[in-house]
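Going line by line, the protein sequences match chains A and B.
Counting in my numbering, the first sequence runs from 632 upward without gaps.
Counting in my numbering, the second sequence runs from 632 upward without gaps.
Positions of the beta carbon are idealized from the N, C-alpha and C atoms, including for glycine.
Keep in mind the model is a prediction, meaning the values are calculated, not measured.
Okay, so here's the structure we're looking at.
There are 2 protein chains.
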Amino acid sequence: MLYLIGLGLGDAKDITVKGLEAVRQCHRVYLEAYTSILTVGKEALEEFYGKELILADRETVEQEADNILKDADVCDVAFLVVGDPFGATTHSDLVLRAVKLGIPYKVIHNASIMSAVGCCGLQLYSFGETVSIVFWTDTWKPESFFDKIEKNRQNGMHTLCLLDIKVKEQSLENLMKGRKIYEPPRYMSVNQAAKQLLAIIQNRRLQGEESAITENTICVGLARVGAPDQKIASGTLEQMATVELGGPLHSLIVTGTLHPLELEMLQLFPIAGSSFEQHACQRTA
Amino acid sequence: MLYLIGLGLGDAKDITVKGLEAVRQCHRVYLEAYTSILTVGKEALEEFYGKELILADRETVEQEADNILKDADVCDVAFLVVGDPFGATTHSDLVLRAVKLGIPYKVIHNASIMSAVGCCGLQLYSFGETVSIVFWTDTWKPESFFDKIEKNRQNGMHTLCLLDIKVKEQSLENLMKGRKIYEPPRYMSVNQAAKQLLAIIQNRRLQGEESAITENTICVGLARVGAPDQKIASGTLEQMATVELGGPLHSLIVTGTLHPLELEMLQLFPIAGSSFEQHACQRTA
């Protein structure tokens with residue numbers, strides 16, 4: 632049996648009782664380590680689960696999936712995923728490969744950032760398409776996510792923006808020389824994401840376009856959702872560009888039309904010295 | 632402290648380790664019993680948690696919230712919610728009331744149907760606004776959800792349809808006579824929801840309107856997601872009208888534009904004797 636087990640979002644104890652029982656009975660346990668992270672490392676999980684974990688980076692999962700599935704028809708193998716196994720990243724490839732090999736699989740769900748963001752008080756019902764904001768480079772500054780956020784907002788919908796993660800990336804030089812030397816991991820912060828959005832707004836303004844998203848659009852920054860030191864900050868997009876929410880992972884929400892109850896919830900998390908209330912009043916006036 | 636604790640979607644063991652520890656240390660433990668259900672009853676939860684649970688129906692939560700929060704500033708009170716506490720239904724009212732009373736609160740997240748539906752292989756990224764399909768009566772047949780599904784589909788997005796739950800409802804007669812006699816609970820099934828959608832399509836066709844959703848639109852029916860006897864069935868909307876997926880809770884997805892990998896996943900769950908593949912091929916041709 633292949634078990635795909637969600638670990639939730641915070642630390643070792645966010646696994647479900649069912650998930651923990653499955654991990655403990657498995658012969659081999661892989662930890663998917665390239666699409667998300669918990670606030671604790673592999674060692675803390677190993678100690679709590681009482682099991683050795685095998686780190687599975689993108690290469691392992693994409694190129695060595697058959698190793699992961701080896702003998703899973705006769706013994707139990709677990710594939711651990713931060714959040715939910717079918718949350719922000721689906722692991723359909725692994726499931727399809729298992730099915731083709733005649734290996735049964737079971738999914739043990741858990742909290743995903745896709746639904747846990749509801750803790751800021753915005754209704755999950757009112758979210759449109761989710762987008763990913765990627766790190767810009769000097770030569771590559773895609774804007775397609777902005778158009779989707781804008782479309783959601785025009786339809787009154789909020790947008791959850793998942794922020795880029797760069798794990799086990801090679802520099803161009805190391806890549807070209809075939810050297811397996813990796814850069815330190817990078818996680819996009821709310822303020823970095825907000826700055827990219829502001830840059831797009833300003834660019835478009837220079838070209839005479841006025842966006843449905845402005846410096847005053849109400850946004851919500853979230854960091855380490857589900858962990859004891861989780862942070863939520865609501866304010867304008869401009870304020871998001873300077874907010875410091877600490878360690879990863881961060882997510883950003885660009886709001887659409889706010890229901891009065893949503894607004895009341897957001898006001899529990901104002902950015903210090905925020906002019907949020909003023910803007911919020913303007914919006915709902 | 633007020634703990635809002637998600638129970639996940641299946642049975643007693645779908646609570647997280649952190650959630651279970653919190654439940655066991657709480658002075659009073661309420662179980663929210665009107666927006667969703669697990670596949671096991673209150674007694675099974677009480678046995679597993681080793682705690683007596685107080686059922687909280689809609690009346691209790693809306694009218695007696697102060698009782699729930701009583702002394703929560705000096706002792707720990709848990710409020711248990713099937714799924715995630717901020718999933719399909721947010722409990723913002725309770726949180727706001729706690730904050731006003733100076734009571735700290737903590738959220739322990741879990742799987743929500745809003746993200747667990749990813750197990751059918753459709754990308755959560757590609758879902759538009761979520762809708763609720765309500766039971767029609769002889770005199771009340773709202774269609775607003777259909778317009779939202781249609782809009783999502785025109786934008787290429789999938790739609791998660793949450794299906795109506797009627798718990799502790801009074802008949803009109805009992806309501807008027809002030810008798811607290813309640814009807815048996817009712818849970819909308821995938822085939823009931825599909826029939827209502829087909830009725831709307833046919834009505835509109837009679838009025839000369841052709842919908843973006845037809846009898847041949849690929850849909851996915853899901854029942855008891857996360858439970859050992861979970862069922863997933865994919866096929867056309869017309870096929871959904873006859874599919875039998877067993878006990879509650881059910882959800883229905885109306886697909887938008889299907890990615891080849893999504894299609895491949897859906898084909899793992901074909902309705903028996905399905906002409907799904909044929910339709911799917913037409914769609915992607």
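- Under the three-state reduction of DSSP output, Val713 (chain B) falls in the coil class, being neither helix nor strand.
- Shown here, Val885 (chain A) sits in a strand according to DSSP, grouped into three states.
- Every unbroken stretch of the alpha helix (DSSP H) spanning 4 or more residues and falling wholly within the segment 791-852 of chain B is given here in chain order: 803-807, 821-837.
- By the Cβ-count criterion, Lys649 (chain A) is buried, with 16 or more other Cβ atoms from all chains shown falling within 10 Å of its own Cβ.
- Here the segment 681-700 of chain B does not lie against the segment 861-876 of chain A, with fewer than 3 beta-carbon pairs under 8 Å apart.
- The count of Cβ pairs closer than 8 Å, one atom from the segment 703-710 of chain B and one from the segment 732-745 of chain B, reaches three, so the stretches are in contact.
- When 7 Å is used as the limit between beta carbons, Gln694 (chain B) is near no residue of chain A, the shortest such separation being about 17 Å.
- In this structure, Thr720 (chain B) sits away from Arg855 (chain B), with a CB-CB distance that is not shorter than 8 Å.
- By the Cβ criterion, the segment 775-789 of chain A is not in contact with the segment 659-674 of chain A, since fewer than three pairs of Cβ atoms, one from each stretch, lie closer than 8 Å.
- Residues of the segment 729-743 of chain A with a C-beta less than 9 Å from any C-beta of chain B: Val730, Lys737, Val738, Ile739, His740, Asn741, Ala742, Ser743, listed in chain order.
- With a threshold of 8 Å between beta carbons, Ile646 (chain A) makes contact with chain B.
- For Phe717 (chain A), the closest Cβ of chain B is nearer than 8 Å.
- One thing to note: Ile739 (chain A) has its Cβ within 8 Å of the Cβ of Thr647 (chain A).
- At the C-beta level, Gly641 (chain A) and Gly857 (chain A) come within 8 Å of one another.
- For Tyr736 (chain B), the beta-bridge partners assigned by DSSP are B:Leu633.
- Residues of the same chain with a CB within less than 8 Å of the CB of Arg728 (chain B), apart from the 5 flanking positions on each side, are Ala696, Asp697, Leu700 in chain order.
- At least one CB atom of chain B sits nearer than 8 Å to the CB of Thr761 (chain A).
- Shown here for Val798 (chain A): same chain residues with a beta carbon closer than 6 Å to its own, the five before and five after excluded, namely Tyr665, Pro816 in chain order.
- Nearest in C-alpha terms to Leu876 (chain A), of all of A:Thr886, A:Ser820, A:Leu828, A:Thr845, is A:Ser820.
- A distance of 8 Å or more separates the beta carbons of Gly749 (chain A) and Leu897 (chain A).
- Annotation for Gln801 (chain A): Arg810, Lys811, Ile812, Tyr813, Glu814 place their beta carbon closer than 8 Å to its own, counting only its chain and skipping 5 residues before and after.
- Residues of chain B whose Cβ lies closer than 7 Å to the Cβ of Gly639 (chain A) are, in chain order, Thr647, His740.
- Looking at B:Ala742, B:Asp704, B:Gln694, the one whose alpha-carbon comes closest to that of Asp724 (chain B) is B:Gln694.
- Fully contained in the segment 670-732 of chain B are the following beta strand (DSSP E) runs of length 3 or more, in chain order: 685-687, 708-712.
- Within the same chain, Val654, Arg655, Val660 come within 7 Å of Lys682 (chain B) by CB-CB distance, once the 5 residues on both sides are set aside.
- Taking C-beta atoms under 8 Å as the contact rule, Val712 (chain A) and Glu663 (chain A) qualify, at a distance of about 5 Å.
- Nearest in C-alpha terms to Asn786 (chain A), of all of A:Leu889, A:Ser667, A:Cys657, A:Ile902, is A:Leu889.
- Taking C-alpha positions only, Leu791 (chain A) is separated from Leu828 (chain B) by approximately 29 Å.
- In this structure, the straight-line span from the alpha carbon of Cys657 (chain A) to that of Glu678 (chain B) is close to 27 Å.
- Approximately 28 Å separates the beta-carbon atoms of Thr761 (chain A) and Tyr818 (chain B); this is outside 8 Å, ruling out the contact.
- By the rule that beta-carbons nearer than 8 Å mark a contact, Tyr665 (chain B) does not touch chain A.
- A Cβ-Cβ separation of about 24 Å leaves Gly759 (chain A) out of contact with Asn741 (chain A) under the 8 Å criterion.
- CA-CA distance, Asp795 (chain B) to Pro901 (chain A), rounds to 35 Å.
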